(Lines of atoms letter the chains of each structure in order from A and count residues from 1; the text may use other names and numbers.)
(Lines give C-alpha, C1' and ligand atoms only; values in the text may rest on other atoms or scores of the structure.)
Protein backbone atom coordinates (compact mmCIF):
# COMPACT_ATOMS: atom_id res chain seq x y z
CA UNK A 1 0.00 0.00 0.00
CA UNK A 2 1.45 3.37 -1.04
CA UNK A 3 0.18 6.72 0.14
CA UNK A 4 0.41 10.03 -1.67
CA UNK A 5 0.70 13.44 -0.08
CA UNK A 6 -2.07 15.95 -0.67
CA UNK A 7 -0.88 19.03 -2.55
CA UNK A 8 -2.42 22.21 -1.14
CA UNK A 9 -3.11 25.04 -3.57
CA UNK A 10 -2.04 27.67 -1.04
CA UNK A 11 1.38 26.28 -0.23
CA UNK A 12 3.39 28.80 -2.21
CA UNK A 13 2.06 31.87 -0.41
CA UNK A 14 5.13 33.81 0.73
CA UNK A 15 3.85 36.87 2.58
CA UNK A 16 2.63 36.56 6.14
CA UNK A 17 -0.60 38.50 6.91
CA UNK A 18 -0.90 40.44 10.13
CA UNK A 19 -3.50 38.28 11.88
CA UNK A 20 -2.21 35.37 13.95
CA UNK A 21 -4.59 32.82 12.45
CA UNK A 22 -3.71 33.78 8.88
CA UNK A 23 -0.01 33.82 9.75
CA UNK A 24 -0.17 30.35 11.30
CA UNK A 25 -2.04 29.00 8.30
CA UNK A 26 0.45 30.56 5.93
CA UNK A 27 3.40 29.10 7.82
CA UNK A 28 1.75 25.67 7.77
CA UNK A 29 1.10 25.90 4.03
CA UNK A 30 4.65 27.03 3.34
CA UNK A 31 6.08 24.04 5.22
CA UNK A 32 3.68 21.71 3.41
CA UNK A 33 4.89 23.27 0.19
CA UNK A 34 8.47 22.53 1.17
CA UNK A 35 7.51 18.90 1.79
CA UNK A 36 5.77 18.68 -1.57
CA UNK A 37 8.67 20.28 -3.43
CA UNK A 38 11.15 17.90 -1.82
CA UNK A 39 8.98 14.91 -2.70
CA UNK A 40 8.57 16.13 -6.28
CA UNK A 41 12.34 16.38 -6.73
CA UNK A 42 12.90 12.89 -5.35
CA UNK A 43 10.12 11.27 -7.35
CA UNK A 44 11.23 13.02 -10.53
CA UNK A 45 14.72 11.63 -10.08
CA UNK A 46 13.34 8.19 -9.30
CA UNK A 47 11.04 8.29 -12.33
CA UNK A 48 14.05 8.96 -14.54
CA UNK A 49 15.94 6.10 -12.89
CA UNK A 50 12.99 3.70 -13.35
CA UNK A 51 12.66 4.76 -16.99
CA UNK A 52 16.35 4.03 -17.59
CA UNK A 53 16.04 0.67 -15.82
CA UNK A 54 12.98 -0.28 -17.87
CA UNK A 55 14.85 0.62 -21.02
CA UNK A 56 17.81 -1.45 -19.82
CA UNK A 57 15.57 -4.48 -19.19
CA UNK A 58 14.04 -4.15 -22.68
CA UNK A 59 17.51 -3.94 -24.24
CA UNK A 60 18.72 -6.99 -22.31
CA UNK A 61 15.62 -8.94 -23.40
CA UNK A 62 16.44 -8.21 -27.03
CA UNK A 63 20.12 -9.14 -26.53
CA UNK A 64 19.17 -12.37 -24.74
CA UNK A 65 16.72 -13.31 -27.48
CA UNK A 66 19.26 -12.70 -30.27
CA UNK A 67 22.29 -14.22 -28.51
CA UNK A 68 23.57 -17.65 -29.66
CA UNK A 69 26.33 -17.84 -27.09
CA UNK A 70 25.33 -19.66 -23.89
CA UNK A 71 27.91 -17.85 -21.73
CA UNK A 72 26.92 -14.49 -23.12
CA UNK A 73 23.22 -15.28 -22.62
CA UNK A 74 23.86 -16.33 -19.00
CA UNK A 75 25.75 -13.11 -18.43
CA UNK A 76 22.88 -11.08 -19.90
CA UNK A 77 20.37 -12.98 -17.77
CA UNK A 78 22.41 -12.14 -14.67
CA UNK A 79 22.45 -8.47 -15.68
CA UNK A 80 18.71 -8.60 -16.19
CA UNK A 81 18.15 -10.02 -12.69
CA UNK A 82 20.44 -7.36 -11.22
CA UNK A 83 18.58 -4.61 -13.11
CA UNK A 84 15.22 -5.89 -11.86
CA UNK A 85 16.60 -5.97 -8.33
CA UNK A 86 17.76 -2.39 -8.79
CA UNK A 87 14.30 -1.49 -10.07
CA UNK A 88 12.68 -3.13 -7.03
CA UNK A 89 15.05 -1.27 -4.73
CA UNK A 90 14.23 2.01 -6.46
CA UNK A 91 10.50 1.32 -6.18
CA UNK A 92 10.92 0.69 -2.47
CA UNK A 93 12.75 4.00 -2.19
CA UNK A 94 9.75 5.68 -3.79
CA UNK A 95 7.50 4.11 -1.21
CA UNK A 96 9.82 5.28 1.58
CA UNK A 97 9.86 8.84 0.26
CA UNK A 98 6.06 8.91 -0.01
CA UNK A 99 5.65 7.65 3.54
CA UNK A 100 8.21 10.18 4.74
CA UNK A 101 6.33 12.99 3.03
CA UNK A 102 2.97 11.84 4.32
CA UNK A 103 4.13 11.50 7.90
CA UNK A 104 5.76 14.93 7.67
CA UNK A 105 2.48 16.30 6.35
CA UNK A 106 0.55 14.60 9.13
CA UNK A 107 2.84 16.07 11.80
CA UNK A 108 2.61 19.60 10.39
CA UNK A 109 -1.17 19.36 10.11
CA UNK A 110 -1.36 17.93 13.62
CA UNK A 111 0.59 20.66 15.40
CA UNK A 112 -1.17 23.33 13.33
CA UNK A 113 -4.58 22.06 14.44
CA UNK A 114 -3.93 23.25 17.99
CA UNK A 115 -5.11 26.78 17.30
CA UNK A 116 -7.92 25.53 15.09
CA UNK A 117 -9.42 23.09 17.58
CA UNK A 118 -9.27 25.81 20.20
CA UNK A 119 -11.43 28.27 18.26
CA UNK A 120 -10.27 31.20 20.38
CA UNK A 121 -10.62 33.70 17.58
CA UNK A 122 -14.22 32.62 17.04
CA UNK A 123 -15.34 32.45 20.66
CA UNK A 124 -13.47 35.59 21.76
CA UNK A 125 -15.16 37.50 18.98
CA UNK A 126 -18.49 35.90 19.87
CA UNK A 127 -18.49 37.24 23.43
CA UNK A 128 -19.90 40.51 22.14
CA UNK A 129 -22.65 38.69 20.28
CA UNK A 130 -23.70 36.47 23.18
CA UNK A 131 -23.59 39.39 25.58
CA UNK A 132 -25.90 41.37 23.31
CA UNK A 133 -28.07 38.27 22.84
CA UNK A 134 -28.62 37.98 26.59
CA UNK A 135 -29.28 41.71 26.86
CA UNK A 136 -31.88 41.44 24.12
CA UNK A 137 -33.62 38.59 25.94
CA UNK A 138 -33.72 40.48 29.27
CA UNK A 139 -36.85 42.64 29.71
CA UNK A 140 -35.05 44.81 32.26
CA UNK A 141 -33.09 46.35 29.38
CA UNK A 142 -36.19 47.77 27.69
CA UNK A 143 -37.40 51.33 28.37
CA UNK A 144 -39.76 51.65 31.32
CA UNK A 145 -39.63 48.00 32.34
CA UNK A 146 -37.56 48.39 35.51
CA UNK A 147 -39.74 51.20 36.81
CA UNK A 148 -42.90 49.25 36.05
CA UNK A 149 -41.45 46.07 37.53
CA UNK A 150 -40.83 47.75 40.89
CA UNK A 151 -44.53 48.53 41.12
CA UNK A 152 -45.41 45.01 40.04
CA UNK A 153 -43.00 43.61 42.64
CA UNK A 154 -44.67 45.67 45.35
CA UNK A 155 -47.98 44.15 44.29
CA UNK A 156 -46.49 40.64 44.52
CA UNK A 157 -45.29 41.30 48.07
CA UNK A 158 -48.66 42.68 49.06
CA UNK A 159 -50.82 39.94 47.58
CA UNK A 160 -48.61 36.83 47.74
CA UNK A 161 -50.45 35.54 50.79
CA UNK A 162 -53.74 35.65 48.92
CA UNK A 163 -52.81 34.20 45.50
CA UNK A 164 -50.88 30.95 45.04
CA UNK A 165 -49.45 32.03 41.70
CA UNK A 166 -48.02 35.19 43.26
CA UNK A 167 -46.53 33.17 46.10
CA UNK A 168 -44.79 30.90 43.58
CA UNK A 169 -43.61 33.91 41.62
CA UNK A 170 -42.30 35.56 44.77
CA UNK A 171 -40.33 32.45 45.71
CA UNK A 172 -38.73 32.42 42.29
CA UNK A 173 -37.84 36.11 42.44
CA UNK A 174 -36.27 35.62 45.86
CA UNK A 175 -34.19 32.74 44.49
CA UNK A 176 -32.91 34.69 41.49
CA UNK A 177 -31.89 37.86 43.31
CA UNK A 178 -32.94 41.49 43.19
CA UNK A 179 -35.57 42.78 40.82
CA UNK A 180 -33.05 44.38 38.48
CA UNK A 181 -31.53 40.98 37.73
CA UNK A 182 -32.22 39.23 34.48
CA UNK A 183 -35.65 37.65 34.74
CA UNK A 184 -35.89 34.30 32.97
CA UNK A 185 -39.21 34.20 31.16
CA UNK A 186 -38.97 30.85 29.46
CA UNK A 187 -39.95 27.53 30.96
CA UNK A 188 -42.29 26.74 33.88
CA UNK A 189 -41.86 30.12 35.59
CA UNK A 190 -43.31 31.98 32.63
CA UNK A 191 -46.83 30.75 33.38
CA UNK A 192 -46.65 32.07 36.96
CA UNK A 193 -45.24 35.37 35.68
CA UNK A 194 -48.05 35.87 33.17
CA UNK A 195 -50.70 34.96 35.75
CA UNK A 196 -49.13 37.46 38.13
CA UNK A 197 -49.09 40.26 35.54
CA UNK A 198 -52.72 39.51 34.61
CA UNK A 199 -53.67 39.64 38.25
CA UNK A 200 -51.85 42.96 38.60
CA UNK A 201 -53.61 44.45 35.56
CA UNK A 202 -57.01 43.32 36.83
CA UNK A 203 -56.27 44.91 40.20
CA UNK A 204 -55.79 48.33 38.66
CA UNK A 205 -58.92 50.45 38.78
CA UNK A 206 -60.15 53.01 36.29
CA UNK A 207 -58.28 55.77 38.10
CA UNK A 208 -54.97 54.08 37.19
CA UNK A 209 -55.61 54.02 33.46
CA UNK A 210 -52.05 55.08 32.56
CA UNK A 211 -50.48 52.37 34.74
CA UNK A 212 -52.95 49.83 33.36
CA UNK A 213 -52.00 50.67 29.78
CA UNK A 214 -48.32 50.53 30.69
CA UNK A 215 -48.83 47.14 32.33
CA UNK A 216 -50.57 45.82 29.23
CA UNK A 217 -47.60 46.96 27.13
CA UNK A 218 -45.21 45.28 29.55
CA UNK A 219 -47.28 42.09 29.35
CA UNK A 220 -47.01 42.16 25.57
CA UNK A 221 -43.27 42.80 25.76
CA UNK A 222 -42.85 40.02 28.29
CA UNK A 223 -44.81 37.64 26.05
CA UNK A 224 -42.65 38.47 23.04
CA UNK A 225 -39.46 37.98 25.05
CA UNK A 226 -40.78 34.74 26.48
CA UNK A 227 -41.09 33.35 22.96
CA UNK A 228 -37.73 34.87 22.02
CA UNK A 229 -36.13 33.17 25.03
CA UNK A 230 -37.74 29.85 24.11
CA UNK A 231 -36.39 30.04 20.54
CA UNK A 232 -32.98 31.15 21.82
CA UNK A 233 -32.78 28.32 24.36
CA UNK A 234 -33.38 25.72 21.63
CA UNK A 235 -30.37 27.02 19.75
CA UNK A 236 -28.23 27.26 22.87
CA UNK A 237 -28.90 23.59 23.58
CA UNK A 238 -27.20 22.82 20.28
CA UNK A 239 -24.30 25.10 21.25
CA UNK A 240 -23.83 23.14 24.47
CA UNK A 241 -23.65 19.87 22.52
CA UNK A 242 -21.03 21.27 20.15
CA UNK A 243 -18.99 22.72 23.01
CA UNK A 244 -18.95 19.35 24.76
CA UNK A 245 -17.83 17.67 21.53
CA UNK A 246 -15.09 20.27 21.16
CA UNK A 247 -13.92 19.49 24.68
CA UNK A 248 -13.80 15.77 23.88
CA UNK A 249 -11.98 16.47 20.65
CA UNK A 250 -9.44 18.62 22.50
CA UNK A 251 -8.70 15.75 24.88
CA UNK A 252 -8.29 13.30 22.00
CA UNK A 253 -6.13 15.79 20.13
CA UNK A 254 -3.85 16.33 23.13
CA UNK A 255 -3.39 12.55 23.36
CA UNK A 256 -2.49 12.14 19.69
CA UNK A 257 -0.21 15.18 19.75
CA UNK A 258 1.57 13.91 22.87
CA UNK A 259 2.13 10.49 21.30
CA UNK A 260 3.65 11.92 18.15
CA UNK A 261 5.82 14.49 19.94
CA UNK A 262 7.16 11.66 22.09
CA UNK A 263 7.99 9.65 18.97
CA UNK A 264 9.97 12.62 17.67
CA UNK A 265 11.64 13.18 21.06
CA UNK A 266 10.14 16.67 21.39
CA UNK A 267 9.07 17.64 24.89
CA UNK A 268 5.76 19.34 25.46
CA UNK A 269 7.55 22.30 27.04
CA UNK A 270 9.78 22.69 23.99
CA UNK A 271 6.76 22.47 21.69
CA UNK A 272 4.92 25.19 23.61
CA UNK A 273 7.98 27.43 23.85
CA UNK A 274 9.04 27.10 20.21
CA UNK A 275 5.63 27.01 18.55
CA UNK A 276 2.52 27.59 20.69
CA UNK A 277 3.86 30.63 22.55
CA UNK A 278 6.38 31.74 19.95
CA UNK A 279 5.37 35.08 18.38
CA UNK A 280 8.05 35.27 15.69
CA UNK A 281 6.66 33.76 12.47
CA UNK A 282 10.12 32.92 11.13
CA UNK A 283 11.02 31.01 14.30
CA UNK A 284 7.76 29.05 14.15
CA UNK A 285 8.57 28.21 10.53
CA UNK A 286 12.03 27.02 11.57
CA UNK A 287 10.54 24.85 14.30
CA UNK A 288 8.09 23.21 11.87
CA UNK A 289 10.90 22.67 9.38
CA UNK A 290 12.99 20.91 12.04
CA UNK A 291 9.94 18.90 13.08
CA UNK A 292 9.28 17.65 9.57
CA UNK A 293 12.90 16.58 9.21
CA UNK A 294 12.62 14.63 12.47
CA UNK A 295 9.46 12.99 11.10
CA UNK A 296 11.29 11.97 7.94
CA UNK A 297 14.13 10.50 9.98
CA UNK A 298 11.66 8.55 12.11
CA UNK A 299 10.21 6.85 9.03
CA UNK A 300 13.71 5.94 7.83
CA UNK A 301 14.61 4.50 11.25
CA UNK A 302 11.37 2.50 11.36
CA UNK A 303 12.12 0.91 7.99
CA UNK A 304 15.71 0.16 8.97
CA UNK A 305 14.71 -1.51 12.23
CA UNK A 306 11.76 -3.50 10.84
CA UNK A 307 11.79 -3.81 7.07
CA UNK A 308 8.65 -6.00 7.01
CA UNK A 309 6.29 -4.15 9.33
CA UNK A 310 7.56 -0.56 9.27
CA UNK A 311 4.57 0.88 7.38
CA UNK A 312 1.77 -0.25 9.64
CA UNK A 313 2.45 1.91 12.75
CA UNK A 314 3.09 4.95 10.54
CA UNK A 315 -0.15 4.30 8.71
CA UNK A 316 -2.02 4.35 12.02
CA UNK A 317 -0.49 7.72 12.90
CA UNK A 318 -1.58 9.09 9.55
CA UNK A 319 -5.12 7.86 10.06
CA UNK A 320 -5.26 9.37 13.55
CA UNK A 321 -4.51 12.82 12.16
CA UNK A 322 -6.98 12.43 9.32
CA UNK A 323 -9.66 11.31 11.76
CA UNK A 324 -9.07 14.39 13.92
CA UNK A 325 -9.38 16.71 10.94
CA UNK A 326 -12.57 15.03 9.73
CA UNK A 327 -14.09 15.16 13.20
CA UNK A 328 -13.27 18.82 13.60
CA UNK A 329 -14.56 19.53 10.10
CA UNK A 330 -17.89 17.98 11.07
CA UNK A 331 -18.03 20.24 14.13
CA UNK A 332 -17.40 23.33 12.01
CA UNK A 333 -20.41 22.27 9.93
CA UNK A 334 -22.43 22.06 13.13
CA UNK A 335 -21.28 25.53 14.16
CA UNK A 336 -22.23 26.96 10.80
CA UNK A 337 -25.65 25.35 11.18
CA UNK A 338 -26.08 26.96 14.60
CA UNK A 339 -25.12 30.36 13.21
CA UNK A 340 -27.77 29.86 10.55
CA UNK A 341 -30.30 29.21 13.33
CA UNK A 342 -29.32 32.50 14.95
CA UNK A 343 -29.83 34.24 11.61
CA UNK A 344 -33.32 32.75 11.47
CA UNK A 345 -33.95 33.98 15.02
CA UNK A 346 -32.90 37.51 14.10
CA UNK A 347 -34.96 37.47 10.90
CA UNK A 348 -38.03 36.34 12.86
CA UNK A 349 -37.92 39.22 15.35
CA UNK A 350 -36.01 42.05 13.64
CA UNK A 351 -39.19 43.89 12.59
CA UNK A 352 -41.15 43.21 15.75
CA UNK A 353 -42.60 46.50 17.12
CA UNK A 354 -41.65 45.66 20.71
CA UNK A 355 -38.19 44.12 20.45
CA UNK A 356 -37.18 44.74 16.82
CA UNK A 357 -34.75 47.59 17.45
CA UNK A 358 -32.68 45.57 19.92
CA UNK A 359 -32.76 42.56 17.62
CA UNK A 360 -31.43 44.73 14.78
CA UNK A 361 -28.54 45.77 17.04
CA UNK A 362 -28.00 42.06 17.75
CA UNK A 363 -27.93 41.43 14.00
CA UNK A 364 -24.85 43.66 13.65
CA UNK A 365 -22.99 41.54 16.21
CA UNK A 366 -24.16 38.33 14.53
CA UNK A 367 -22.85 39.52 11.17
CA UNK A 368 -19.47 40.20 12.78
CA UNK A 369 -19.50 36.71 14.30
CA UNK A 370 -20.34 35.17 10.93
CA UNK A 371 -17.51 37.09 9.28
CA UNK A 372 -15.08 35.88 11.96
CA UNK A 373 -16.16 32.28 11.47
CA UNK A 374 -16.04 32.43 7.67
CA UNK A 375 -12.55 33.96 7.80
CA UNK A 376 -11.30 31.24 10.14
CA UNK A 377 -13.07 28.12 8.87
CA UNK A 378 -14.43 26.72 5.65
CA UNK A 379 -16.10 23.41 6.62
CA UNK A 380 -16.29 22.15 3.04
CA UNK A 381 -12.65 22.93 2.34
CA UNK A 382 -11.58 21.51 5.69
CA UNK A 383 -13.36 18.19 5.19
CA UNK A 384 -12.37 17.91 1.52
CA UNK A 385 -8.70 18.46 2.34
CA UNK A 386 -8.92 15.92 5.16
CA UNK A 387 -10.48 13.21 2.98
CA UNK A 388 -7.78 13.76 0.33
CA UNK A 389 -4.80 13.87 2.68
CA UNK A 390 -3.61 10.43 1.67
CA UNK A 391 -4.02 8.70 -1.68
CA UNK A 392 -3.87 4.91 -1.93
CA UNK A 393 -2.14 3.58 -5.05
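Numbering (my numbering), first residue to last: 16 to 408.
For glycine and all other residues, C-beta sits at the position ideal for the given N, C-alpha and C.
None of these values were measured; they are calculated from a predicted model.
Residue 241 beta carbon less than 7 Å from that of residue 210: no
For residue 377, three-class secondary structure by DSSP: Here residue 377 sits in helix by DSSP.
Beta-carbon gap between residue 107 and residue 91 smaller than 7 Å: no
Residue 340 beta carbon less than 7 Å from that of residue 401: yes
Residue nearest to residue 232 in terms of C-alpha spacing, selected from 208, 159, 271 and 147: 159
Residue 423 - DSSP class collapsed to helix/strand/coil: Lying outside 16 to 408, the shown extent of the chain, residue 423 is not represented and no answer is given.
Cut-off 7 Å between Cβ atoms - residues of its own chain near residue 39, not counting five sequence neighbours on either side: Excluding sequence neighbours, residue 39 sits near 127 and 130.
Start and end residues, alpha helix (DSSP H) containing residue 362: 326–364
Rounded distance between the beta-carbons of residue 278 and residue 313, thought under 8 Å: 6 Å
Test item: CB-CB of residue 45 and residue 68 under 7 Å: no
Complete runs of the alpha helix (DSSP H) confined to the stretch 143–224 [at least 4 residues]: 160–174, 179–191 and 203–218
Pick from 99, 330 and 86 that is closest to residue 73, judged by C-alpha positions: 99
N-terminal and C-terminal residue of the alpha helix (DSSP H) that residue 132 is part of: 129–132
Per-residue DSSP class, three states only, for residue 279: DSSP places residue 279 in coil when its eight states are reduced to three.
Residue 50 and residue 310 closer than 7 Å at C-beta: no
Buried or exposed (CB count within 10 angstroms, at least 16 for buried), residue 274: With fewer than 16 other Cβ atoms from the protein chains shown falling within 10 Å of its own Cβ, residue 274 counts as exposed.
N-terminal and C-terminal residue of the alpha helix (DSSP H) that residue 302 is part of: Counted as a single uninterrupted DSSP element, the alpha helix (DSSP H) harbouring residue 302 occupies residues 296–320.
Range of the contiguous alpha helix (DSSP H) that encloses residue 370: Taken as a continuous stretch (DSSP letters only), residue 370 belongs to no alpha helix (DSSP H), as it is neither H nor E.
CA nearest to the CA of residue 343, picked from 263, 295, 378 and 270: Residue 263 is the option with its Cα nearest to residue 343.
DSSP three-state assignment for residue 38, whether helix, strand or coil: Here residue 38 sits in helix by DSSP.
Cβ pair residue 227, residue 235 closer than 7 Å: No.
Start and end residues, alpha helix (DSSP H) containing residue 396: 394–402
Residue closest to residue 348, alpha-carbon to alpha-carbon, out of 364, 62 and 395: 395
Contacting residues, own chain, Cβ-Cβ under 6 Å from residue 380 (five flanking each side not counted): 143, 144 and 147
Contact set for residue 280: own chain, Cβ-Cβ below 8 Å, skip 5 residues either direction: Answer for residue 280: 309, listed in chain order.
Chain-order list of residues whose beta-carbon lies under 8 Å from that of residue 225 (same chain, five-residue window excluded): none
Contact check, residue 82 vs residue 88, beta carbons under 7 Å: yes
Simplified DSSP state of residue 95, which is helix, strand or coil: DSSP places residue 95 in helix when its eight states are reduced to three.
Nearest candidate by alpha-carbon position, reference residue 253, set 353, 363, 207 and 319: 353
Selected residue, minimal CA-CA separation from residue 212, among 61, 42, 230 and 221: 230
Proximity below 7 Å, CB of residue 105 to CB of residue 54: Between residue 105 and residue 54, the C-beta spacing is not below 7 Å.
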